[in-house]
Each structure stands twice: as C-alpha cells, then as structure tokens.
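Numbered by the numbering used here, the letters in the sequence shown go through residues 1 to 68 in order.
A short worksheet on the structure shown next.
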Amino acid sequence: MSKKNSTKNKKQKIETIEDVWKYEIAEELGLLNKVKQMGWGGLTAKETGRIGGLITVKKKQMNKEQKA
C-alpha cells in the first residue's frame, strides 16, 4: 500500500477523558511500556480488567463531585 493510501484510510479518533485515564492508569500500574510495544491487545485480561475497574472508580468519583 502506498503512503498516500495508508494515511488516507486512517480515521482520526477523538480522544475522550476515558482514553486519557486509560493511559494514566496504565502508566501508574507500570504497563505503559507493554502497551506501547504490543498495543492494548497485548495485555492480559487481569491487567485490562484492573484498568477498567480503576476507570469506573474515577467516573463514579467525578459524578459524585459534580453532584455535590
């Protein structure tokens, strides 16, 4: 595939707050290098679940602060 086609076919992803948290949490857990090398698919189910759980905690905390 030519360079023109490879950049043309890639969609721009809008980064959400959850995406930012995902990278922050991966760094806190020492998994960021693994993500950079292998991608998110290279993580184990346990590692992925841990990240997802911490994102949920942050969401709940943010909602609680907004209501107060």
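Glycine residues also receive a C-beta, built at the ideal position from the N, C-alpha and C atoms.
Inset, instruction - Indicate whether L43 and V35 have their beta-carbon atoms separated by less than 8 Å. - result: yes
Legend entry - Backbone CA spacing between G52 and K22 [nearest angstrom]: 8 Å
Inset, instruction - Just list the alpha helix (DSSP H) runs in the segment 10–61, keeping only unbroken ones of 4 residues or longer that don't cross its boundaries, in chain order. - result: 17–28, 32–38
Inset, instruction - Leaving out five residues on either side along the sequence, give the residues of the same chain with a beta carbon under 7 Å from the beta carbon of L54. - result: I25
Legend entry - C-alpha gap between Q66 and E18, whole angstroms: 17 Å
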